[in-house]
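For the sequence shown, the working numbering begins at 3 and goes up steadily by one. Written below as structure tokens is the structure these notes are about.
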Amino acid sequence: MPPFDDGLINLNFNLTWFFPVDSGFLYLVRLHFCEIYQGITKINQVVFTVFLNNQTAEEQVDIIALGGEPGVAVHRDYVVMVPHVNEGKQDLWLDLHPYKDSKPMYYNAYLNGVEIFKLSNFGDKSLAGLNPSKSFLSGSDEKASHVAHFNKSSKKLKFVLIGCGLLAVVLPVLLCLLLIRLKVIKLRRVVSLCGLTVHTPNRIEKAKKWSLCTQFSMRDIKLATNDFHEDLLIGTGGFGSVYKGSFTDGATYVAVKRANPMSEQGISEFEAEILLLSQLKHHNLVSLLGYCNEDGEMILVYDFMANGSLHDHLHLRQRDGSPLDWIQRLEICMGIARGLHYLHTGTKDRIIHRDIKTTNILLDHNWVPKISDFGLSKAGFPSFVTTNVKGSIGYLDPECYESHKLTEKSDIYSLGVVLLEVLSARPAVSVGEDDEHINLAEWTVSCLENGNVEEIVDPNLKENIIKECFELYLGVAMKCLAERGTERPSIGEVLESLVLAMHLQKNEGSVPNGNHNAALQGNSDLTPGVEFSEIMTPIGR
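Below is the structure:
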């Protein structure tokens, strides 16, 4: 039963099973549980009561609390007495009911397996006595034939019961093995996207053994964030909330990202980011300091980025009269390109970030850009088909959206949108006068086609950009937005062009050695090399 059913309805019913058993015996009832629903990761999300024969066997059962984390198989044992009533079978009742007094997030109950063991009877402590029904023995003439018939049936019944007993033992074991197998397959799938090899189902423990990622205790996290005090909240996103924290002397600041249990992003993305970032080291990638997964929480700890996100500086902090100048913006774009160049070419397996956008570009105290948020990242083949198209509205590659074919050129498209955003200080998607959603890439193409090039430039920059630098920069951005990935430049070509654009800006348009670099060639046409897509992708992260 899924955990997200209507709680008001669930409170009106019990989840009930009836098991015919011999009367006059004690029984051990073993219930098997395993939390396999992705949305259930924390204590007190689902709590229920166990009843046996209308008696409370256990008032509060919380599978996450019992197992410590999702996907851990646990069992609970109960002994129940079935009184001797007549000589026939009795029904052993098992009921589960949501426990509302703890005010859980979901009112529900579920069970993965059950085993029932006969212990002994009340008299001679024997397991004997199959208790055939009275109707079987009824009749006026108890002849030898009846006895013979009873003996034959008794033997058959014994074999049936033995078979059922073995089945009751084997089935839960097979179920547990299946659940473990499914979890291993899921974990292998997630890590395979990161280009890693799995030899154990617990990949976080694997990272811990590698000593590449520190595991913080919940006590450390709460001390660092003053128990997640709202005054230390510095941002929210698809994963959850981000807090500013400090350890020990208060001089070392960290960013603590706490998962929202209701987020669509789940434990797979949490683990993928740990395993990926724990092995990547680059000047333009955010540094992961550690993680915490106690008490059903999913928490990541990073270096604190003192200057916030690029998005904030382009769209929020410009209003305070201190916008980024053009040299700063070029340096930031070069840093982003260097980080992507490392992901695309500097690792054993080519890594595709999949969510390049200005909110995921963080700036440290020296204004060095750091690419962050690797929960959606994939690695491995140069190109492959993915069934789930993920990304952010306005940055999502139209080719990937249509064909589900993901390559590193999808990152190039997103980078092209970021380059336009840096130049224009306009968001990737904005709302017009008639509540019409305006896509920045499409709006830029429209400006170029209508000859309104100056409208593309942030008013704060119009007097500061050298013409040659502007033409090269805009040309590269538009090439990144080509409809087909094969028409887009590689990240190396983008980086080379940005470096040259910086040189042109600093040297008033002069080219090194008086020769126009190849990066300039083919960029005089500021529109994409192929027809630009008009698709407004309606999905996002």
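Beta carbons: idealized from backbone N, C-alpha and C, even for Gly. Note that the coordinates shown come from a computational prediction; the quantities given were computed from them, not determined experimentally.
**Q.** For residue 249, the residue or residues it bridges with in DSSP
**A.** Per DSSP, the beta bridge partners of residue 249 are 254.
Q.
Quick check on this structure: which residue in 425, 489, 431 has the alpha carbon closest to the alpha carbon of residue 461?
A. Selected option, being the one with the closest Cα: 425.
Q: Count the other C-beta atoms from every protein chain shown that fall within 10 angstroms of the C-beta of residue 308, then say buried if there are 16 or more, exposed otherwise.
A: Residue burial is scored here from C-beta neighbours: residue 308 has fewer than 16 other C-beta atoms within 10 angstroms and is therefore classed as exposed.
**Q.** the segment 61-80 in contact with the segment 26-34 per 3-pair CB rule at 8 Å
**A.** Contact between the segment 61-80 and the segment 26-34 is present, because at least three Cβ pairs lie under 8 Å.
Q. Is it a yes or a no for the segment 241-258 touching the segment 216-227, going by three-plus beta-carbon pairs under 8 Å?
A. Touching, per the Cβ criterion.
(Q) Could you tell me the alpha carbon to alpha carbon distance between residue 300 and residue 91, rounded to whole angstroms? (A) About 49 Å.
Q: Might you give, ordered along the chain, the residues of its own chain that have their beta carbon closer than 7 Å to the beta carbon of residue 103, omitting 5 neighbours on each side?
A: Hits under 7 Å: none found.
**Q.** Residue from 352, 357, 16, 329 with nearest C-alpha to residue 399
**A.** Minimum Cα distance to residue 399 is reached at 357.
Q) Looking at the structure shown, is residue 22 part of a helix, part of a strand, or coil, going by DSSP? A) Three-state result, residue 22: strand.
Q. Are residue 346 and residue 373 touching if we call contact CB-CB under 8 Å?
A. Taking a C-beta distance under 8 Å as the contact criterion, residue 346 and residue 373 do not qualify as a contact pair.
**Q.** Own chain, CB closer than 8 Å to residue 369, minus 5 neighbours either side, in chain order
**A.** Contacts found: 309, 330, 333, 334.
Q: Take the Cβ of residue 57 as the centre, count every other Cβ of all protein chains shown within 10 Å, and call the residue buried at 16 or more, exposed below.
A: Answer is exposed; the Cβ neighbour count stays below 16.
(Q) Quick check: the segment 360-368 against the segment 443-450, are at least 3 beta-carbon pairs closer than 8 Å? (A) By the Cβ test, the segment 443-450 is not in contact with the segment 360-368, since fewer than three Cβ pairs between them sit closer than 8 Å.
Q.
With the cut-off set at 8 Å, would you say residue 247 and residue 226 are in Cβ contact?
A. Contact: yes.
Q. By a C-beta neighbour count over all protein chains shown, 10 Å radius and 16 as the cutoff for buried, is residue 509 buried or exposed?
A. Here residue 509 is exposed, its C-beta having fewer than 16 other C-beta atoms within 10 Å.
**Q.** Extent of the continuous alpha helix (DSSP H) run through residue 432
**A.** Element bounds for residue 432: not the alpha helix (DSSP H) but the beta strand (DSSP E), 431-433.
Q. What three-state label does DSSP hand residue 37 in the structure shown?
A. Three-state result, residue 37: coil.
Q: Grab me the residues of residue 22's own chain with a C-beta within less than 8 Å of its C-beta, minus the 5 sequence neighbours each way, in chain order.
A: Correct list, in chain order: 91, 92, 93, 94.
Q: Take residue 479 as the anchor and find which of 405, 442, 302 has the nearest alpha-carbon.
A: If you compare the alpha carbons of 405, 442, 302 with that of residue 479, the shortest gap goes to 442.
Q: Return the CA-CA distance between residue 352 and residue 340, expressed in angstroms with no decimal places.
A: Their backbone Cα atoms lie some 14 Å apart in a straight line.
Q.
Please return the same chain residues whose Cβ sits closer than 7 Å to the Cβ of residue 501, not counting the five positions on each side in sequence.
A. Take residue 501, set aside five residues on each side of it, and the residues of its chain with a beta-carbon closer than 7 Å to its own are 336, in chain order.
Q | Exposure label - residue 64; buried when at least 16 CB within 10 Å | A | Buried.
Q) For residue 416 versus residue 469, is the C-beta spacing smaller than 8 Å? A) No, the pair does not count as a contact, with Cβ atoms beyond the cut-off.
Q. Just how far apart, CA to CA, sit residue 282 and residue 319?
A. Answer to the nearest angstrom: the Cα atoms are 31 Å apart.
Q) Can you give the Cα-Cα distance for residue 303 and residue 83, rounded to whole angstroms? A) For residue 303 and residue 83, the gap between their C-alpha atoms comes out near 52 Å.
**Q.** Distance between residue 66 and residue 40 (C-alpha atoms, nearest Å)
**A.** Going from the Cα of residue 40 to the Cα of residue 66 covers about 12 Å.
(Q) Looking at the secondary structure, which residues open and close the alpha helix (DSSP H) in which residue 465 lies? (A) Taken as a continuous stretch (DSSP letters only), residue 465 belongs to no alpha helix (DSSP H), as it is neither H nor E.
Q. Does DSSP put residue 407 in a helix, in a strand, or in coil?
A. Residue 407: strand per DSSP, three-state reduction.
(Q) For residue 409, tell me which candidate among 489, 121, 74 has the shortest Cα-Cα distance. (A) Residue 489 is the option with its Cα nearest to residue 409.
Q. Name the DSSP bridge partner or partners of residue 282?
A. Paired residue(s): none; residue 282 is not in a bridge.
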